[in-house]
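Protein chains in written order, with numbering that gives the first Met the number 0: chain A, 0 to 350; chain B, 0 to 350.
Protein chains: 2
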Amino acid sequence: MSRPSMSARERMVAALRSQPVDRPPVWLMRQAGRHLPEYRALRAGHAFMDVVRQPELAAEVTLQPVRRYGMDAAILFSDILTIPEALGIDVRFPKGVGPQLKPTVRTAEEVAALPPGDIPGTLGYVAGAVRETRRLLGEDTALLGFSGAPWTLACYMIEGGSSKSYANIRSMVYRDPDTLTALLDRLADLVITYLRMQVEAGVDAVQVFDSWAGELRREDYERIAAPCTQRIIDAMKRDGTPVVLFAKNPGHLVDSGLAMKPDVVAVDWRVDLGDAAGRAAALGVGVQGNLDPAELFAGPKWIGRRVREMHAAVGGRTGHVFNLGHGVWPSAPIPGVEAFVNAVQALGGQG
Amino acid sequence: MSRPSMSARERMVAALRSQPVDRPPVWLMRQAGRHLPEYRALRAGHAFMDVVRQPELAAEVTLQPVRRYGMDAAILFSDILTIPEALGIDVRFPKGVGPQLKPTVRTAEEVAALPPGDIPGTLGYVAGAVRETRRLLGEDTALLGFSGAPWTLACYMIEGGSSKSYANIRSMVYRDPDTLTALLDRLADLVITYLRMQVEAGVDAVQVFDSWAGELRREDYERIAAPCTQRIIDAMKRDGTPVVLFAKNPGHLVDSGLAMKPDVVAVDWRVDLGDAAGRAAALGVGVQGNLDPAELFAGPKWIGRRVREMHAAVGGRTGHVFNLGHGVWPSAPIPGVEAFVNAVQALGGQG
Numbered sequence: 000m001s002r003p004s005m006s007a008r009e010r011m012v013a014a015l016r017s018q019p020v021d022r023p024p025v026w027l028m029r030q031a032g033r034h035l036p037e038y039r040a041l042r043a044g045h046a047f048m049d050v051v052r053q054p055e056l057a058a059e060v061t062l063q064p065v066r067r068y069g070m071d072a073a074i075l076f077s078d079i080l081t082i083p084e085a086l087g088i089d090v091r092f093p094k095g096v097g098p099q100l101k102p103t104v105r106t107a108e109e110v111a112a113l114p115p116g117d118i119p120g121t122l123g124y125v126a127g128a129v130r131e132t133r134r135l136l137g138e139d140t141a142l143l144g145f146s147g148a149p150w151t152l153a154c155y156m157i158e159g160g161s162s163k164s165y166a167n168i169r170s171m172v173y174r175d176p177d178t179l180t181a182l183l184d185r186l187a188d189l190v191i192t193y194l195r196m197q198v199e200a201g202v203d204a205v206q207v208f209d210s211w212a213g214e215l216r217r218e219d220y221e222r223i224a225a226p227c228t229q230r231i232i233d234a235m236k237r238d239g240t241p242v243v244l245f246a247k248n249p250g251h252l253v254d255s256g257l258a259m260k261p262d263v264v265a266v267d268w269r270v271d272l273g274d275a276a277g278r279a280a281a282l283g284v285g286v287q288g289n290l291d292p293a294e295l296f297a298g299p300k301w302i303g304r305r306v307r308e309m310h311a312a313v314g315g316r317t318g319h320v321f322n323l324g325h326g327v328w329p330s331a332p333i334p335g336v337e338a339f340v341n342a343v344q345a346l347g348g349q350g
Numbered sequence: 000m001s002r003p004s005m006s007a008r009e010r011m012v013a014a015l016r017s018q019p020v021d022r023p024p025v026w027l028m029r030q031a032g033r034h035l036p037e038y039r040a041l042r043a044g045h046a047f048m049d050v051v052r053q054p055e056l057a058a059e060v061t062l063q064p065v066r067r068y069g070m071d072a073a074i075l076f077s078d079i080l081t082i083p084e085a086l087g088i089d090v091r092f093p094k095g096v097g098p099q100l101k102p103t104v105r106t107a108e109e110v111a112a113l114p115p116g117d118i119p120g121t122l123g124y125v126a127g128a129v130r131e132t133r134r135l136l137g138e139d140t141a142l143l144g145f146s147g148a149p150w151t152l153a154c155y156m157i158e159g160g161s162s163k164s165y166a167n168i169r170s171m172v173y174r175d176p177d178t179l180t181a182l183l184d185r186l187a188d189l190v191i192t193y194l195r196m197q198v199e200a201g202v203d204a205v206q207v208f209d210s211w212a213g214e215l216r217r218e219d220y221e222r223i224a225a226p227c228t229q230r231i232i233d234a235m236k237r238d239g240t241p242v243v244l245f246a247k248n249p250g251h252l253v254d255s256g257l258a259m260k261p262d263v264v265a266v267d268w269r270v271d272l273g274d275a276a277g278r279a280a281a282l283g284v285g286v287q288g289n290l291d292p293a294e295l296f297a298g299p300k301w302i303g304r305r306v307r308e309m310h311a312a313v314g315g316r317t318g319h320v321f322n323l324g325h326g327v328w329p330s331a332p333i334p335g336v337e338a339f340v341n342a343v344q345a346l347g348g349q350g
C-alpha cells in the first residue's frame, strides 16, 4: 500500500525499514564533493580537513547536492578516518596521494598502548556539523551519518594509508589474529559511541563503510571482520537507528552481509540487483544500489532506462534505496547525476 | 586414468588441456620477483627494465623460483606493459610509484596516430629471453609466456598508469565506445603477434592477464572488452597453444570467461573453487587457482589442509592448475611458498 505524498525524509526512513513508499528514495555516495563546482569553489579557500572540522563549512557542503539535485537524503560531509584521529593517530591528506596515518599500529604492544579515545572530546565537531546541517536542512529531508567499519579503519591504521594489497593487515589474519581482533574490538566500541553521538545530534540513520572487506575470503570476513561489525549493527538496531552496511567488491559477501541483518545491504554494479533483492527480502533486509558510477557518463536515455530496469529487477519488494555502487567520481558530469535523480523521482510506488 | 610418472612439463600441458595427470601441476603468479632474496640480490645491480630487456638476466630470474621450489612451470619474467612500448609509448617504473606511461592515448585522433607497432623489432628481446630460458630450463619443465589483455593494456595507456577507479577509460565505455573499441582492436592484433612470437621462441602455453576486467559490469565486459580477448583466445587455439585467461576480481565474470572457451580460467580466493570447477568442466574448460596470497603467511599445516580442501573441491575433474588467486606478495614468506608447492606435490592423481 503506497502513501500518496511522503516527505523525502519519511520516504527514506520507510525504505530503510523495508516499509511501503510512494517511490524508492535516492541518494548518491559522495554526492557532496569534487564533482560539484560549488564545492570546488568553497574548497579553493579551505583545506579538506578544515571543511570537515568546521560545522558551518561541513553543513554547507553537505547541503550543496541536495539543493542542486533534490536527493531524498543528505549525508554528512566528513571522513571515515576520524576515529583513528580520536586515538591520537596523526591523519593527513597530502594532495594527490591517499591519506597518510602515523604512527602505524601493528603489534600487540602498539594496540595495547592506544589511548582510550575520547569521542565527544575529540570528535565533537562532527556532532556540531550534524546539528548545523539539520538546522539548515529542515525537517523534511533525511540526514545520514556514517563511520568506517572496524576492519576498514584497521586497514588504514595498520598499513598507514591505503594500499594495493593490504598485505600487512591481510597477513595478520594468519600471523597474528589475536592482536588484530583486539584492535577490531577496540574500534567497534568507538564506532558505536561515535554513531550514537551522531544520532543524538540529529541523523536519521547511519551507513557503515567497510570499504576493504571485499579483499577478504568469505570465511575470513565472517571469522575476523564480521563479528565486530555485527556488534555495531546490533547496537544500532537496539537503539532503533536504521543501519546500511556497505563494502566495496561485495559480490562474494552479499550473503554474509545479509546474515548480519542490518536494515539495508549496499551492493555494487557487479552484483545482480534482482537476485540480491530477492535474497535480502527473504530475510527482511533491504538493498541499496547499484548503478555503475561510469554510467553517469551515458546520456539521460540510457540512465533512465537503467533506473527503470533496476526498479523492475527489484520488483514489488520494499526496501530498495537507489544509489550508485561506489561514490560519485570527481569527473562525473552534472547532467548524469541529474538524469539519475530525475529518473528515480519519476518512478511509481513499491509495496 | 593417471599416468605414473609425468615430467613437470607433460603434467602442466596435460592439465591445461583438461587431460588426466598423475597429480595437478602448480605454479604461482609472480613466483619470480621480490619475495626471493636471490632476486633482490640480482636487482641490487640492475634496474627492473634492464632485467626484462637482457635475455640472460630475464632467464636467470625466471629460473630462480623453479630452482628453489620445483614448480611445474616457469613463467617468463617480463612485464605486461611491453606492448605500449612497441607503440612508441614511454613506459617508466619510478621507484615506489606505479608504472607511468606517456603520452596518454584518449582521443580518436590519438588512437589513429599510433604507429603500426613492430613487435619483433621492438620486443625481440622477449623472444631472446624465452630462448635463453628454455636453454637453461631444459625440456622437462613447462615454460609459460604471457601478455596483458587489450582492455588492461588500454587501461594503462588511457589513464597513463594505474588508477583508483580507471575513470577515464571506464567513462569512455559510455562516452566514446567507438574510439575505445578501435584501440582495443589494435591491441588485440598486436597481442596475437606478440604471443605467437613467444610460442615460436619456445613457450608451451600463454596466460592473458586482464587485470582490470573486474572493474566492469558483466554486460560491459561482454560488450566491450571480451570480443577482442576472444580473438586472441581463438587465434591461440587455432595454433594449438593452450591459453589461460586471468582477471582480478573475476567473481562476476567467471561465466563470461568460461563462455569464451580458453583452455583454463583463473579464479581468485573470492570465488568458490568447487563451483567454478564444476561449471568449467561442463564446458571442457579447466580452472586455475585459488589460494589467497595472505594464506602463505599461515603455517604449513593450514596450507596443507587448504591444498587438500581445494583438491577435494575440484573433485575428480581434470584441468585444475594450482596457483594463488593473485601474484605472490613481495613480503611473502619462503616457508609458505614451500609448504604450498610441497602440499600439491604430495597429492594423488585426478581423472
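Beta carbons: idealized from backbone N, C-alpha and C, even for Gly.
With a threshold of 8 Å between beta carbons, is residue i in contact with chain A?
{"i": "E108/B", "result": "no"}
{"i": "V172/B", "result": "yes"}
{"i": "D203/B", "result": "no"}
{"i": "A338/B", "result": "no"}
{"i": "W328/B", "result": "yes"}
What number of angstroms, rounded off, separates the C-alpha of residue i from the C-alpha of residue j?
{"i": "G283/A", "j": "A312/A", "result": "17 Å"}
{"i": "D209/B", "j": "R222/B", "result": "15 Å"}
{"i": "K163/B", "j": "G95/A", "result": "12 Å"}
{"i": "G335/B", "j": "A276/B", "result": "25 Å"}
{"i": "N322/B", "j": "R8/B", "result": "16 Å"}
{"i": "G273/A", "j": "R305/A", "result": "13 Å"}
{"i": "T178/A", "j": "W211/A", "result": "19 Å"}
{"i": "L56/A", "j": "H319/B", "result": "57 Å"}
{"i": "K300/B", "j": "H310/A", "result": "49 Å"}
{"i": "D254/A", "j": "R278/A", "result": "8 Å"}
{"i": "R307/B", "j": "P23/B", "result": "11 Å"}
{"i": "A111/B", "j": "D188/B", "result": "15 Å"}
{"i": "A72/A", "j": "L142/B", "result": "56 Å"}
{"i": "R174/B", "j": "E294/A", "result": "9 Å"}
{"i": "A265/A", "j": "K101/B", "result": "38 Å"}
{"i": "A246/B", "j": "V343/B", "result": "23 Å"}
{"i": "R316/B", "j": "D267/B", "result": "19 Å"}
{"i": "E337/A", "j": "H34/A", "result": "12 Å"}
{"i": "A280/A", "j": "V25/A", "result": "19 Å"}
When the cut-off is 8 Å and only beta carbons count, does residue i lie next to chain B?
{"i": "H251/A", "result": "yes"}
{"i": "A312/A", "result": "no"}
{"i": "S4/A", "result": "no"}
{"i": "D209/A", "result": "no"}
{"i": "R105/A", "result": "no"}
Which residues of chain B have a Cβ atom closer than 7 Å to the Cβ of residue i, listed in chain order?
{"i": "A297/A", "result": "Y173"}
Anything in chain A within Cβ reach of residue i, meaning under 9 Å, just list it in chain order.
{"i": "R269/B", "result": "G213, E214, L215, R216, R217, N248, G250, H251, L252"}
Below 8 Å on the Cβ atoms is my guess for residue i versus residue j; work out the distance and round it to an integer in Å.
{"i": "A153/A", "j": "L194/A", "result": "Incorrect: roughly 17 Å between the Cβ atoms, too far for contact."}
{"i": "A128/B", "j": "S170/B", "result": "With a Cβ gap of about 37 Å, A128/B and S170/B do not count as contacting."}
{"i": "P98/A", "j": "G160/A", "result": "6 Å"}
{"i": "I168/B", "j": "I231/B", "result": "The pair is not a contact, with the Cβ atoms about 19 Å apart (cut-off 8 Å)."}
Since residue i meets chain A, which of its residues come closer than 7 Å, beta carbon to beta carbon?
{"i": "E294/B", "result": "Y173"}
Note down, in chain order, every chain B residue with its Cβ under 8 Å from the Cβ of residue i.
{"i": "S164/A", "result": "P292, H325, W328"}
Residues of chain B with a CB under 9 Å from the CB of residue i: which are they?
{"i": "R169/A", "result": "D291, P292, A293, F296, W328"}
Check: At a cut of 8 Å, does the segment 27-40 of chain A reach the segment 49-68 of chain A through at least three beta carbon pairs?
Finding: Because the criterion of three Cβ pairs below 8 Å is met, the segment 27-40 of chain A and the segment 49-68 of chain A touch.
Check: For the 8 Å Cβ check, are there 3 or more pairs between the segment 65-80 of chain A and the segment 108-116 of chain A?
Finding: Contact fails: fewer than three Cβ-Cβ distances are below 8 Å.
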